[in-house]
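Have a look at the structure below, then the notes.
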Amino acid sequence: MEKNKLTTGKVAGIIANLVIVDVDGPVSQNEICYINLGGVRLMAEVIKVLGTKAYTQVFESTRGLKIGESVDFMGHMLEVTLGPGILSRNFDGLQNDLDKMEGTFLKRGEYTAPINVDQEWPFTPLAKAGDSVMAGDWLGEVKENWIGHKIMVPFKFEGKYTVKSVKAGGTYKASDTIAVLTDRDGREVNVSMVQKWPVKVPIKAYTDKPRPFRLMETGVRIIDTMNPIVEGGTGFVPGPFGSGKTVLQHALSKQAEADLIIVAACGERANEVVEIFTEFPELDDPRTGRKLMERTTIIANTSNMPVAAREASVYTAMTLGEYYRSMGLKVLLLADSTSRWAQALREMSNRMEELPGPDAFPMDLPAIISSFYARAGYVYLNNGSTGSITFIGTVSPAGGNLKEPVTESTKKAARCFFALSQQRADSKRYPAVDPIDSYSKYLEYPELQEYLAENISPEWLANVLETKNLLLRGKEAYEQINILGDDGVPIDYHLRYWKSEVIDFVILQQDAFDKIDASTPIERQKDMLGKVLEVCRTGFDFESFEEVNPYFKRVINVFKQMNYSLYQSGDFKKYEAELDAIIKERKAA
Amino acid sequence: METKAFQKIYTKVTQITKATCTLQASGIGYEEMATVNGRLAQVVKINGDNVTLQIFSGTEGIPTNAEVIFLGRPPVLKVGEELAGRFFNAYGQPIDGGPEVEGEEREIGGPSVNPVRRKQPSELIATGIAGIDLNNTLVTGQKIPFFADPDQPFNQVMAMVALRAKADKIILGGMGLTNDDYLYYKNVFDNAGALDRIISFVNTTENPPVERLLVPDMALTAAEYFAYDKKETVLVLLTDMTLYADALSIVSNRMDQIPSKDSMPGSLYSDLAKIYEKAVQFPEGGSITIIAVTTLSGGDITHAIPDNTGYITEGQLFLRRDSDIGKVIVDPFRSLSRLKQLVIGKQTRKDHPQVMNAAVRLYADASNAKTKLENGFDLTDYDVRTMNFAREYSNDLLAIDVNIDTTMMLDKAWELFGKHFSKAEVGIKQEFVDLYWPA
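These protein sequence lines are chains A and B, in that order.
Residue numbers for the first sequence follow the working numbering, so the first one is 27 and each next one is one higher.
Residue numbers for the second sequence follow the working numbering, so the first one is 798 and each next one is one higher.
So, in structure tokens, the structure goes:
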């Protein structure tokens, strides 16, 4: 790895942000270099090498760059800095702290320190002299917001080390040496609270990665009840524009049962990130009573920021997630949108004149996507505790067509599919997750089935599957009614359709802007699903089809009032009683 | 173009294609401007000594011994108060017979605003058009296009919105505008006595298409000057972005790039985002709002241009001819302003969100009733009433010739509710019904 003299080079060719550099020594694939442009240094990454020519993608605009300008290679890949002080920051895709940047406009070549190494932290040791440790083991802990931020043996350390000394409890700067380790050959190494790691390499400081089995509550009924995601699971949300991708992502980032949330705003609207900046510091996290922003970290590479850094942004976010997972935390990583990342790959592949795959995307797109999703997961750490990264990406399919390369590749990699449907969005049925097309593979996992039976109820899974079936039957009945006319079908068809509408309005639809309805705890979801199924299993007496529609509209209305009321409150119980009375009116003898 | 005595003149062009020429030169900056026999060109590729120039007006008649002069700078615009009231071409040169503008030279297509230095948009823009103000309220710092078929009167609606919007400056970026439309805008602004706050950058159909690529950057550089330096409210009108995207595809095609969907360049999303994301609300007060036009072919919004636009912009507006009333209306179903939640019911009357939703829902019922009628089914009394309501709603509120303030729009909606429906059918919160239900 070590090179005594770092390679330098000279600019030999420029096509937009692809710069070809003549080098005077060894370079490695994905090595970082800085290109000098009149006193400014532009960061770039090697993406191809041909003889003495290194092809680099520049993370900034190359306007004004000239042939012959000098280039310095750094001898390492794109790295992030890991240490206390990352939480609730706003970074760009290269982990520059956006708040530290001066001026209203982003200046190229301005790089700011991701964390303040001079900041002091109250440190508590967790290891003691003589302990045998390896990469990722916990040496000590500092309090970062409310999280016990573990100071770990740097991930780059290979093999076993012995702890020679650890600082006693006290306040230290992040850059201070807090422990001294000795390797097998007796060499001493100092460890501080700060370490670096290349973003494109997964952090593997864990002993085992089992199949995930614990439900991850999101408070969104159509996810938790119908298509549950698990701690350490993966999911994706494809949908045309205007179908509510962002609202759903924001709901997840506000409500999900995670210790911390990392949001990678990758190539999307700047105003959406501003919404998080503006609202999250004001919103309370119901789990901790603190502000939501304290558990949220944002990696913002909005659509007008340099394209090459878009690709880096999702890797940066994943690496930060892996760092916190190694502390035994539950991390939820959201990326909006992975299509923009794929498009960045396409632009570069195009400039390098590679032979294109489908829709001009690079041929290895499916491989890149699946190896990225594979970095999520539930893990057992060296000391037996557990941590997880749950990853949900959004996909923006061109023309809303799900048969495009990014959606198809992601479908192979992610285990939950939350398909947003234009039709549901048009009829204002939000969240517009299609109940028939969407799925969660985790429902088929015996591990999760066991967990659900134990933690919710033994008949929960059967109830969920029954609900799905009722929805399908309702849809079929609706199609028949449309073809044959209202009076051309037996009344039973109307009943079937309206029962599926009850499920739709009460369970599937949820008002993200209502204080109470926005988030439903699993206990309440269980209760409501039970109530709804009770109605669906009831036989009703109707003389004609004309009575069915107004009757069920009443049923739905009362159910909705329940959803809007505080759980088990006086109002809630009043509506519940009203509902029971309505059901009695028409219940078949 | 000015030439300076010490500038080196190259005369050996080694390669010429439809849009580019290549020559040997050194010390040239990427994206630097040049002239080739007096035609403006820009560096698009440098490979060793070989510099490739894109000639905006095309290479017809360019000889291999053409005089090439490098200007040592990227494309710039001179900014200053004097821009107000002037008409320019795509290069920022006056086309109104007036003098050159004196002022600070700024590079066009400059850097983006740091997202943490933005403010959440919060100021309502009143246009008087109920299809917009009532159903799809616009906010300063927003970016929103009209998705329109070429035969729809989007230029008229845009001009109307611009004049009513009470902006300090209106900047028109015309791309592939027909000469007639260009004169239309000029006349409308002139007649309204608003010329002193209008700045236009115009590429008409008579100009070479590739020149269009400069227009949005010129317009937005001027906009940033007024919004950021002068803290003014700036409205930028971009018409027609489809022709802009077509110009992008012409260039990428001539540069031998592999096309992606609909023959558009793979970078279309980034190219469009770079423009639209210039819309911003600055915390210090100034703002840039972008209203654009994207013409559709046959109403197809899955085409790469409207599709990518929809993912970037904060909503879209659709115009439609309502055959029942014979007028053009703002389509309440397909139009959407994503930022309306930030202002409705807050800067407008509290009943605004509920009234808006109720009216659109009843309008949807009418459209279902209409389908029923067309399919030969019998109509119920409710169906008939919704259809009557829809006709009046369309005529009195959705039509683009309506010009009233938001409170009057809300009152009008209540009047129609009261005329055609019972309180239960409208289904609005009781507190608003008590206040506004017509006696």
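Cβ coordinates follow ideal geometry from the N, Cα and C atoms, glycine included.
In this text, all values refer to a predicted model and were calculated from it rather than measured experimentally.
Close partners of A/S422 in chain B (Cβ separation under 8 Å): Y1108.
Taking all protein chains in view, the Cβ of A/P52 is surrounded by fewer than 16 other Cβ atoms within 10 Å, so the residue is classified as exposed. The beta carbon of B/Q812 sits no closer than 8 Å to any beta carbon of chain A.
Using a Cβ-Cβ cut-off of 8 Å, A/N575 does not count as an interface residue toward chain B, since no Cβ of chain B sits closer than that to its own. The three-state secondary structure of B/Q917, taken from DSSP, is coil. Apart from sequence neighbours up to five positions away, the residues of its chain that approach B/D1198 with a beta-carbon distance below 8 Å are K1124, ordered along the chain. When the five nearest sequence neighbours on each side are left out, the beta carbons in the same chain lying within less than 6 Å of the beta carbon of A/S375 are those of P388, in order along the chain.
Following the DSSP letters along the chain, one finds B/Q1151 inside the alpha helix (DSSP H) bounded by residues H1149 to E1171. Contact annotation: in the region 450 to 464 of chain A, residues whose CB is within less than 9 Å of a CB in chain B are D452, S453 and K454. Listed in chain order, the alpha helix (DSSP H) elements of length 4 or more contained wholly in the region 543 to 601 of chain A are 548 to 563 and 571 to 590. Spanning the alpha carbons of B/I843 and A/T82 requires a straight line of approximately 14 Å. Taking B/T861 as reference, the option from B/Y888, B/K1071 and B/Y807 with the minimal CA-CA separation is B/Y807.
When the five nearest sequence neighbours on each side are left out, the beta carbons in the same chain lying within less than 6 Å of the beta carbon of B/H1100 are those of D1059, in order along the chain. DSSP links A/Y187 through a beta bridge to A/V159. For B/A1024, the CB contacts under 7 Å within the same chain, skipping 5 residues up- and downstream, are V1031, F1079, G1083, S1084 and I1085 in chain order.
Below 8 Å, too few C-beta pairs join the region 242 to 257 of chain A and the region 420 to 431 of chain A to call them touching: fewer than three. Spatial neighbours of A/N408 in its own chain (CB-CB distance under 8 Å, excluding positions within 5 residues in sequence) are listed in chain order as M160, G162, D163, A231, Y232 and T233. Around the beta carbon of A/G64, fewer than 16 other beta carbons lie within 10 angstroms, which makes this residue exposed.
Under the DSSP assignment, A/W164 falls outside any alpha helix (DSSP H), being part of the beta strand (DSSP E) whose first and last residues are W164 to E170. B/F951 sits buried, since 16 or more C-beta atoms from the chains shown fall within 10 Å of its C-beta.
A/L44: member of the beta strand (DSSP E) spanning L44 to V49, first to last residue.
The three-state secondary structure of A/D362, taken from DSSP, is strand.
If the five residues before and after A/T34 are omitted, its C-beta is found closer than 7 Å to the C-beta atoms of D50, S96, V97, D98 and F99, all from its own chain and listed in chain order. Taking all protein chains shown into account, B/S1219 has fewer than 16 neighbouring C-beta atoms within 10 Å of its C-beta and is therefore exposed. Taking all protein chains shown into account, A/F585 has 16 or more neighbouring C-beta atoms within 10 Å of its C-beta and is therefore buried. Judged by beta-carbon spacing, A/W147 lies within the 8 Å limit of A/Y198, meaning their Cβ atoms are closer than that value.
Taking a Cβ-Cβ threshold of 9 Å, none of the residues of chain A is close to B/G858; the smallest such distance is about 27 Å. Nearest neighbour of A/V189 by Cα position, chosen from A/I173, A/K182 and A/G166, turns out to be A/G166. Residue range A334 to R351 is occupied by the alpha helix (DSSP H) that includes A/A338, with no beta strand (DSSP E) assigned at that position. A Cβ-Cβ contact shorter than 8 Å links B/M1052 with B/V841.
A/P332 is classed as buried because its beta carbon has at least 16 other beta carbons within 10 Å across all chains shown. Per the coordinates, the alpha-carbon of B/P1056 lies some 17 Å from the alpha-carbon of A/S365. In the same chain as B/P1103, and ignoring 5 residues on each side of it, the C-beta atoms closer than 7 Å to its own belong to F944, T1091 and L1093, in chain order. Close to B/T937, with beta-carbon spacing below 7 Å, lies no residue of chain A; the smallest spacing is near 12 Å.
Proximity of A/M554 to chain B, defined by a Cβ-Cβ separation below 8 Å, is not satisfied. Within chain B, no residue has its CB atom less than 9 Å from the CB of A/F85, the nearest being about 13 Å off.
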